[in-house]
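*Asks:* From first to last, the protein sequence lines stand for chains F and U. Here my numbering runs 21 ahead of the position in the first sequence, where the first position is 1. Here my numbering runs 548 ahead of the position in the second sequence, where the first position is 1. The beta carbon of each residue, even a glycine, is placed where N, CA and C say it ideally should be. These numbers come from a predicted model, not from an experiment. Before I ask anything, here is the structure I am working with.
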Amino acid sequence: MHSTAYPQAPASDQNPIAEFRAASKHYGEVVAADAISLSIMPGEFLSFLGPSGCGKTTALRMLAGFEAPTSGEMLLDGVRVNDLPPHKRPVNMVFQHYALFPHMNVADNISYGLRQQRPKPAAAFVAQKVAETLERVRLPGFDTRRIWEMSGGQQQRVALARALINQPKILLLDEPMAALDRKLRREMQIELQSLQRALGITFVLVTHDQEEALSMSDRICIMRAGRIVQIGAPRDLYDAPNSRYVADFVGKSNFFEGTLSSVSGLMGAVDLPTGPGRGRLGQDVAVGRKVSLSVRPEQIYLSPTGGAFAVQVRNRIFLGEHTEYLVNNPSLGDFLVLVSRQTEATLGAFDPGQDAFADWTPEAALILNND
Amino acid sequence: MRPKLINRLLLAPAGIWFLAMLVLPLAVVLVFSFGERGQSGGYVPAFTFAQYLNLPARWKAFENTLTLAPVGTLIVLLIAYPLAYFLALRANPKWRTLLLILVIVPFWTSILIRSYAWIFILGGRGIPALLDMLGLHNLRLINTPFAVLVGIVYGYLPLMVFPIFVSLERLDKRLLEASADLGSPPWRSFLQITLPLSLPGMATGCMLVFILLMGEFLIPAMLGGGKVFFVGNALVDLFLQSRNWAFGSAVAVALVVVMLVTVTIYMRAMTRWGNGRDDVSLM
Ligand SMILES: Nc1ncnc2c1ncn2[C@@H]1O[C@H](COP(=O)(O)OP(=O)(O)OP(=O)(O)O)[C@@H](O)[C@H]1O
Ligand SMILES: [Mg+2]
Chain F
22 MHSTAYPQAP ASDQNPIAEF RAASKHYGEV VAADAISLSI MPGEFLSFLG PSGCGKTTAL
82 RMLAGFEAPT SGEMLLDGVR VNDLPPHKRP VNMVFQHYAL FPHMNVADNI SYGLRQQRPK
142 PAAAFVAQKV AETLERVRLP GFDTRRIWEM SGGQQQRVAL ARALINQPKI LLLDEPMAAL
202 DRKLRREMQI ELQSLQRALG ITFVLVTHDQ EEALSMSDRI CIMRAGRIVQ IGAPRDLYDA
262 PNSRYVADFV GKSNFFEGTL SSVSGLMGAV DLPTGPGRGR LGQDVAVGRK VSLSVRPEQI
322 YLSPTGGAFA VQVRNRIFLG EHTEYLVNNP SLGDFLVLVS RQTEATLGAF DPGQDAFADW
382 TPEAALILNN D
Chain U
549 MRPKLINRLL LAPAGIWFLA MLVLPLAVVL VFSFGERGQS GGYVPAFTFA QYLNLPARWK
609 AFENTLTLAP VGTLIVLLIA YPLAYFLALR ANPKWRTLLL ILVIVPFWTS ILIRSYAWIF
669 ILGGRGIPAL LDMLGLHNLR LINTPFAVLV GIVYGYLPLM VFPIFVSLER LDKRLLEASA
729 DLGSPPWRSF LQITLPLSLP GMATGCMLVF ILLMGEFLIP AMLGGGKVFF VGNALVDLFL
789 QSRNWAFGSA VAVALVVVML VTVTIYMRAM TRWGNGRDDV SLM
């Protein structure tokens with residue numbers, strides 16, 4: 022088996038293991054995927070992230086071979102596979118609701134992929150593989166269990182084991198954790214990540230849970246209405262979103278709208294109702310255009326004594342290590358501020374109704390088009 | 549009121565119905581079967597096994613029933629499955645309802661009228677006449693087991709199509725995708741996924757058709773023309789023509805026993821097979 026003890030960063034001189042080349046999928050009038058172009062590198066953990074109906078599943082299904090692109094090309098290992106049926110692709114999928122075979126026990130479900138190989142592998146080999154895979158997903162001894170006797174989390178592991186047994190070149194996961202409760206989901210995320218590192222298999226995950234995508238992926242593909250709007254490492258997407266849509270989708274952000282009044286180098290100034298607000302230019306913007314100043318809640322300081330914006334505390338939500346305040350400035354409106362436990366320890370907590378001051382540095386603000 | 553009492557009250561109508569419609573007639577038939585035929589027919593109370601000892605006289609009816617009912621069920625199954633498969637998985641959903649209605653259209657007229665149509669089609673001026681023109685002479689279709697089987701397939705097809713259709717319709721299409729994803733070509737996915745998961749529908753359909761066929765008398769009467777007759781025909785004959793109620797009752801009891809035995813064996817086999825394959829329940 023192709024396994025490495027240490028995570029290997031995808032090297033740039035490698036050839037992509039899969040490629041979308043302007044791949045589109047139309048369902049009658051509906052454009053589910055709109056000229057998607059993307060290279061997936063061997064060994065990477067890539068996520069498709071976007072709201073419901075944006076075409077994530079469609080992209081995954083084109084990789085698996087369930088849908089042929091209406092136009093454009095799909096490549097696996099450099100070979101055009103537009104019309105290669107799913108059973109001939111070295112790619113396996115964990116389905117959203119697992120799609121386990123109800124008339125087979127756990128072992129038969131897991132060994133299904135092996136049993137489809139021709140010539141047929143020996144029974145002893147199959148049995149050994151099943152035992153190994155069950156061990157790998159931490160379900161040893163569950164071979165003869167019926168599917169409906171398994172909990173949701175266990176079923177998910179069976180689905181994972183079933184998809185892994187053929188050692189696919191790419192493992193596709195369609196919202197695999199959507200049906201799990203929060204704690205179990207967190208555990209599975211960690212397990213999936215370490216499994217991916219251990220096996221060195223390329224993982225492509227579909228999710229609409231941004232936290233999940235941020236915590237697990239090497240790269241995230243943000244989708245909107247069938248298109249990819251930004252691809253990047255989680256941190257890059259968070260720190261340098263290329264649009265208001267991405268800033269809004271990845272993490273929380275406050276948007277203050279105004280007209281771009283001047284640009285100097287990488288910085289610009291926006292005419293806010295309270296006066297000019299400076300920020301980094303996040304994308305191509307033209308002076309005179311309506312833009313948004315995007316500021317993350319944790320980048321805003323709250324102080325009882327001084328700051329650029331006088332605010333009144335509206336609401337306070339305790340989040341454990343942070344406290345989230347909803348504050349109001351008569352000109353800017355409502356916005357969110359995230360205060361860490363440490364800061365609270367020095368400045369004290371703010372009570373709803375209390376007057377305070379908010380401020381942020383120009384480097385923390387990002388100027389984005391107002392689309 | 550205690551829940552137990554409510555349960556009993558709720559069950560009472562069904563219980564009374566069961567008693568009046570099933571147990572009572574069966575008891576009467578059982579009593580009759582030990583009696584004797586009266587002078588001018590009917591029934592005279594007695595206690596004799598004579599009627600049962602006389603059963604071999606109707607052996608041919610049992611033989612016909614016990615061969616043509618299973619064979620008929622099998623043929624109906626073989627024709628109904630592809631039809632149900634097409635309707636559930638291949639037909640355009642827009643047309644599905646219409647096609648389903650077409651399957652049951654024959655039920656809109658009486659089986660009597662439909663059988664007359666078949667008498668004509670299979671009779672001397674129907675298909676045999678056509679074949680005669682093509683050089684195939686003196687072929688007789690009507691009043692043969694073949695004609696009875698044609699009638700059976702025609703009459704019972706919808707009964708088999710529907711349960712199979714339902715089980716195929718309910719089949720989660722993603723299971724087929726999962727199977728393809730794991731390397732199985734479509735025909736093997738059919739054998740490994742579709743077929744086993746539609747077994748409950750097949751089992752229900754076979755059961756339904758088989759049980760009803762065991763009691764069939766109209767199709768053999770019309771298309772078998774007295775040459776191919778079922779137990780049902782023997783019963784009609786005994787009760788209505790020769791008015792030998794006692795012997796008729798013995799034949800009826802024998803049919804019920806045969807039916808109970810075959811159905812029990814069938815159910816046993818099905819559940820055992822189902823359990824062995826850790827399947828979904830079959831009934
Ligand atoms: N078989 C189909 N026929 C017609 N339209 C379809 C079909 N499959 C998907 N669509 C449409 O294509 C668009 C993208 O669907 P897709 O399933 O890829 O979305 P998604 O991003 O996976 O959404 P979700 O998060 O809800 O699963 C949607 O508007 C959907 O209605
Ligand atoms: Mg989806």
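Can you list the residues of chain F that U:L745 reaches, using a CB-CB cut of under 8 Å?
*Replies:* By Cβ distance, chain F contributes P123 and H124.
*Asks:* What would DSSP say about U:N555, mapped onto helix, strand or coil?
*Replies:* Three-state DSSP puts U:N555 in a helix.
*Asks:* Is there at least one non-hydrogen atom of ligand 1 closer than 7 Å to the beta-carbon of F:G74?
*Replies:* Yes, the beta carbon of F:G74 sits closer than 7 Å to at least one heavy atom of ligand 1.
*Asks:* So for U:V784, helix, strand or coil by DSSP?
*Replies:* U:V784: helix per DSSP, three-state reduction.
*Asks:* Is F:V47 helix, strand or coil when you go by DSSP?
*Replies:* Going by the sequence as given, residue 47 of chain F is His instead of Val. Strand, per DSSP.
*Asks:* Let me check one thing: in DSSP terms, what residues is F:V147 bridge-paired to?
*Replies:* In the DSSP output, where bridge partners are listed per residue, F:V147 has none listed.
*Asks:* So, is F:K4 buried or exposed, given that buried needs 16 or more other C-beta atoms within 10 angstroms?
*Replies:* No information on residue 4 of chain F is available, as it lies outside the stretch 22 to 392 that chain F covers here.
*Asks:* With 8 Å set as the bound, which would you pick, yes or no: does the beta-carbon of U:G749 sit closer than that to a beta-carbon of chain F?
*Replies:* With 8 Å as the cut-off, U:G749 does not count as an interface residue toward chain F.
*Asks:* Which parts of the region 581-640 of chain U are runs of the alpha helix (DSSP H), unbroken and 4 residues or longer, counting only runs that do not cross its ends?
*Replies:* Listed in chain order, the complete alpha helix (DSSP H) runs (minimum 4 residues) inside the region 581-640 of chain U are 598-601 and 607-633.
*Asks:* Run down chain F in chain order and give the residues with a C-beta less than 9 Å from the C-beta of U:P733.
*Replies:* Neighbours of U:P733 on chain F, chain order: P106, H108, K109 and Q137.
*Asks:* Alpha carbon to alpha carbon, how far is U:N612 from U:F765? Give it in angstroms, no decimals.
*Replies:* One C-alpha to the other measures close to 12 Å.
*Asks:* Can you pull the chain U neighbours of F:R183, defined as C-beta to C-beta under 9 Å?
*Replies:* The answer, in chain order, is A726 and L730.
*Asks:* To be precise: take each residue of the region 127-152 of chain F, compare its Cβ to all Cβ atoms of chain U, and keep it if any distance is under 8 Å. Which residues remain?
*Replies:* Those would be Y133, G134, Q137 and Q138, in chain order.
*Asks:* Which residues in chain F sit within 7 Å of U:I741, going by Cβ to Cβ distance?
*Replies:* Within chain F, the residues near U:I741 are F122.
*Asks:* DSSP three-state call for F:M237: helix, strand or coil?
*Replies:* Looking at F:M237 - three-state DSSP - the assignment turns out to be helix.
*Asks:* Straight-line CA distance for U:L557 to U:A575?
*Replies:* The straight-line gap from Cα to Cα measures roughly 25 Å.
*Asks:* To the nearest angstrom, how far is the alpha carbon of F:Y27 from that of F:L121?
*Replies:* Model confidence at F:Y27 stands at a pLDDT of 37, short of 50, so the residue's coordinates are unreliable and nothing is read from them.
*Asks:* Give, in chain order, every residue of the region 704-722 of chain U whose Cβ lies closer than 8 Å to some Cβ of chain F.
*Replies:* Answer set for the region 704-722 of chain U: D720 and R722.
*Asks:* For F:L59, which residues in the same chain have their Cβ closer than 6 Å to its Cβ, ignoring the five residues on either side in sequence?
*Replies:* Cβ neighbours of F:L59 beyond the five flanking positions: F41.
*Asks:* F:D380: which of F:S68, F:N391 and F:L353 sits nearest, CA to CA?
*Replies:* It is F:L353 whose Cα lies nearest to the Cα of F:D380.
*Asks:* From U:M770 to U:F634, what distance separates their C-alpha atoms?
*Replies:* If you take the alpha carbons of U:M770 and U:F634, they lie about 32 Å apart.
*Asks:* Can you find a CB in chain U that lies within less than 8 Å of the CB of F:M22?
*Replies:* Summary for F:M22: the model assigns pLDDT 37, below 50, so the residue's position carries little reliability, and this model does not support an answer.
*Asks:* Taking C-beta to C-beta, are F:S68 and F:T228 nearer than 8 Å?
*Replies:* Yes.
*Asks:* Does DSSP put U:G703 in a helix, in a strand, or in coil?
*Replies:* Note: U:G703 maps to helix in three-state DSSP.
*Asks:* Taking 7 Å as the cut-off, is the CB of F:K46 close to at least one heavy atom of ligand 2?
*Replies:* No, Cβ of F:K46 sits at least 7 Å from all heavy atoms of ligand 2.
*Asks:* Terminal residues of the continuous beta strand (DSSP E) containing F:N350?
*Replies:* Start and end: H343 to N350.
*Asks:* Does the CB of F:A43 have a neighbour CB from chain U at under 8 Å?
*Replies:* No, no contact with chain U.
*Asks:* Could you give the first and the last residue of the continuous alpha helix (DSSP H) run that contains U:N691?
*Replies:* Element bounds for U:N691: n/a, residue is neither H nor E.
*Asks:* State yes or no: is the C-beta of F:D164 nearer than 7 Å to some heavy atom of ligand 2?
*Replies:* It does not: the Cβ of F:D164 is nowhere closer than 7 Å to a heavy atom of ligand 2.
*Asks:* Is F:N336 close to chain U, meaning its C-beta is less than 8 Å from at least one C-beta of that chain?
*Replies:* No, its Cβ sits nowhere closer than 8 Å to a Cβ of chain U.
*Asks:* State the beta-bridge partners of F:D380 as determined by DSSP.
*Replies:* Answer by DSSP bridge pairing, in chain order: F:Y322.
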